[in-house]
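In my numbering, the protein residues as written are 1 to 139.
Here a beta-carbon is modelled for each residue, glycine too, at the ideal position from N, C-alpha and C.
In this text, all values refer to a predicted model and were calculated from it rather than measured experimentally.
Spelled out as structure tokens, the structure:
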């Protein structure tokens with residue numbers, strides 16, 4: 001086996017997804033080639049790090065830790081009060097209402113109807129061009 005072939009199959013080998021015969025060939029090559037053995041060590045280390053991260057990330061709360069550190073570092077910093085939270089929600093509702101009103105106005109002035117006609121005309125032009133193309137290749 002060549003080094004390129006072994007390196008291309010290395011992730012499948014490390015995760016035990018290779019067929020037994022292919023796994024045996026890769027294993028033999030790893031034992032005889034220092035470069036591929038180093039590659040194997042690196043891939044297994046990355047797999048080990050990846051698996052550790054998957055197991056530890058489910059119980060790790062980064063936001064809570066950062067917020068705690070910020071509260072300790074800046075004890076006089078203002079916090080978000082209930083009034084500010086309500087204002088934020090009201091602001092979001094205001095923006096949704098504004099977008100809904102603008103959408104209704106655009107419907108009234110026929111913006112979407114004109115857009116539909118333009119899309120339809122482009123679609124018809126595209127279809128006729130394809131039809132001419134297929135007719136010319138069929139001849």
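Buried or exposed (CB count within 10 angstroms, at least 16 for buried), residue i
i, result
"residue 36", "buried"
"residue 29", "buried"
"residue 13", "buried"
Inter-residue CB distance, residue i and residue j (contact presumed, cutoff 8 angstroms)
i, j, result
"residue 7", "residue 39", "6 angstroms"
"residue 11", "residue 43", "6 angstroms"
"residue 46", "residue 26", "Rounded, the Cβ-Cβ distance is 17 angstroms, inconsistent with contact."
Short Cβ contact (8 angstroms threshold) for residue i with residue j
i, j, result
"residue 22", "residue 9", "yes"
Closer than 7 angstroms: residue i CB and nearest the ligand MG heavy atom
i, result
"residue 29", "With respect to the ligand MG, the structure offers nothing, as it holds no ligand at all."
Unbroken stretches of the alpha helix (DSSP H), 4 residues or longer, contained in the region 71-128: 82-108
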